[in-house]
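Everything on this sheet refers to the single structure shown next.
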């Protein structure tokens, strides 16, 4: 009986999470029947339970069925915390040794993949309140600490500090120390390439102004060099007649 109460509580919490993180959600019926991210999560919870009880084949089979139905691939060995939400979800891949904390938001096409062939920890560890943008790729046993944001299309191959924002290929930290948030305003993310170009243009403009100032400050003196050359030439010409 107690297990049933806990299960109902978790299911209710998962549904509430959808409403909290997706403004398009309008009714419980819509969420339960029309959200593949929620379906993938529920199937994974069952598959992960089978995996922990060493029913490996059935766990993988259920995971495969979930992939066929939702387009989301979650290995049954992956550990996922509470209030996890996959928005849209098509193309999401979560590897076997992945560990995900609470209140994590994952967008479509995100990959939490491994880079090693050894049977060891080879997938990312994601903290609480992390947002991973569409098409982002996290590779290897990296750690993404609490409150971090991974921008769309970024490739993360190194650990990310808490509260940081990462963009680019390879991923670079462009902002640190932000408070944990649950949304990801893609259009407001910093662009390090654009910022670098703007910095170079500003420095070039500054150098051009300094050069113009320097040129304008020079007082042009009589051309002594030409006079000296003429005298030297005259001396040599006089010498030829000796």
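Numbering (this note's numbering), first residue to last: 8 to 249.
By construction, the Cβ of each residue, glycine as well, lies at the ideal position given by its N, Cα and C atoms.
Residue i versus residue j: straight-line alpha-carbon distance, rounded
i: residue 254; j: residue 217; result: Any answer about residue 254 is impossible in this case: the structure gives the chain only from 8 up to 249.
i: residue 50; j: residue 69; result: 7 Å
i: residue 173; j: residue 114; result: 15 Å
i: residue 57; j: residue 206; result: 55 Å
i: residue 158; j: residue 176; result: 10 Å
i: residue 72; j: residue 81; result: 11 Å
i: residue 187; j: residue 153; result: Caution is warranted here: a pLDDT of 49 is assigned to residue 187, below 50, making its placement in the model unreliable, and the coordinate value is therefore given only provisionally. Their Cα atoms are separated by approximately 7 Å.
i: residue 204; j: residue 214; result: 15 Å
i: residue 163; j: residue 143; result: 8 Å
i: residue 61; j: residue 140; result: 33 Å
i: residue 83; j: residue 16; result: 22 Å
i: residue 95; j: residue 31; result: 11 Å
i: residue 250; j: residue 220; result: The structure shown does not extend to residue 250, since the chain is modelled only from 8 through 249, so no value can be given for it.
i: residue 254; j: residue 182; result: One cannot answer for residue 254 here, as it falls past the ends of the chain, which runs 8 to 249.
i: residue 79; j: residue 101; result: 8 Å
i: residue 18; j: residue 65; result: 22 Å
i: residue 42; j: residue 67; result: 22 Å
i: residue 33; j: residue 40; result: 12 Å
i: residue 52; j: residue 171; result: 29 Å
CA nearest to the CA of residue i, picked from the options
i: residue 280; options: 180, 24, 103; result: Not covered by the structure: residue 280. The range shown for the chain is 8 to 249.
i: residue 145; options: 130, 34, 124; result: 130
i: residue 98; options: 44, 154, 21, 13; result: 44
i: residue 112; options: 122, 135, 100; result: 135
i: residue 110; options: 122, 93, 116; result: 93
i: residue 169; options: 160, 209, 178, 150; result: 150
i: residue 20; options: 59, 91, 63; result: 91
Exposed unless 16 or more other CB atoms sit within 10 angstroms - verdict on residue i
i: residue 212; result: exposed
i: residue 54; result: buried
i: residue 28; result: buried
i: residue 132; result: buried
i: residue 252; result: Coverage of the chain is limited to positions 8 through 249, which leaves residue 252 absent and any answer about it impossible.
i: residue 227; result: Confidence at residue 227 is low in this model, with a pLDDT of 48, below 50, so the placement of that residue is unreliable and no value is reported for it.
i: residue 119; result: buried
i: residue 48; result: buried
i: residue 123; result: exposed
i: residue 13; result: exposed
i: residue 26; result: exposed
i: residue 75; result: exposed
Rounded distance between the beta-carbons of residue j and residue i, thought under 8 Å
i: residue 126; j: residue 138; result: Not really, about 30 Å apart at Cβ, beyond 8 Å.
i: residue 46; j: residue 77; result: 5 Å
i: residue 161; j: residue 147; result: In fact, because the Cβ distance is near 14 Å, the residues do not count as touching under 8 Å.
Self-check item: Segment contact, 8 Å Cβ cut-off, at least three pairs: the segment 104 to 114 with the segment 80 to 94
Solution: yes
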